[in-house]
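Down below is the structure, laid out as structure tokens.
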Amino acid sequence: MENKNMKSLSMVALIVSILPVATLIPTFFKITLPDGVRTILAGINIVFVLLGLILSVVCVRNKESRSIVNIISTAVCVLWILIMAGIIVLALVVNFVQ
């Protein structure tokens, strides 16, 4: 039973870690969103990345449930966090240069 729960948890972690890509859909259709909607989507993306990372780490820590899906979802979340950190650093550098 626990193995089945960990498999479903690992799939949820993978889906949650890939969900921030869905915010690119309006860009593909050349739809311009208002500033408030973009801010809400950015906040939702941050929550999804952190939630996906937490779920992935919980699944990867257990040796019996460690699988390629867990490792991929962890790697995707870490890449998202690195991208967000890079954007924050770039914003701070640009702000201090001006």
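First residue of the sequence shown? That's 9 in the numbering used here, and the numbers climb one at a time after it.
Each residue gets a CB set at the ideal place from its N, CA and C atoms; glycine is no exception.
Supposed contact pair residue j and residue i - C-beta distance, whole angstroms, cut 8 Å
i, j, result
"S25", "V68", "Between V68 and S25 the Cβ distance is about 12 Å, and since that is not below 8 Å, they are no contact."
"S18", "N78", "5 Å"
"I52", "M92", "So it is not a contact: roughly 13 Å between Cβ atoms."
"I89", "V45", "Going by Cβ atoms, the distance from I89 to V45 rounds to 23 Å, so no, they are not a contact pair."
Distance, residue j Cα to residue i Cα
i, j, result
"L1", "F104", "Here the chain comprises residues numbered 9 to 106, so residue 1 is not present and cannot be evaluated."
"N113", "V65", "Shown here, the chain extends from 9 to 106; a query on residue 113 therefore has no answer."
"M9", "L100", "Note that M9 scores a pLDDT of 45, beneath 50, so its modelled location is shaky; the value from the coordinates is reported in the next line. In a straight line, the C-alpha of M9 is about 48 Å away from that of L100."
"S73", "L87", "22 Å"
"K38", "M14", "39 Å"
"Q106", "L98", "12 Å"
"T47", "K71", "38 Å"
"V29", "L41", "16 Å"
"I95", "V102", "10 Å"
"S75", "F36", "33 Å"
Residues near residue i by beta carbon distance below 7 Å, same chain, minus five either side
i, result
"G60", "A21, V24, S25, S81 and C85"
"T31", "L49 and N53"
"P34", "L41"
"L63", "L17, V20, A21 and V24"
Per-residue DSSP class, three states only, for residue i
i, result
"K38", "coil"
"I74", "The question names Ile, but residue 74 is Arg in the sequence shown. Looking at R74 - three-state DSSP - the assignment turns out to be coil, as it is neither helix nor strand."
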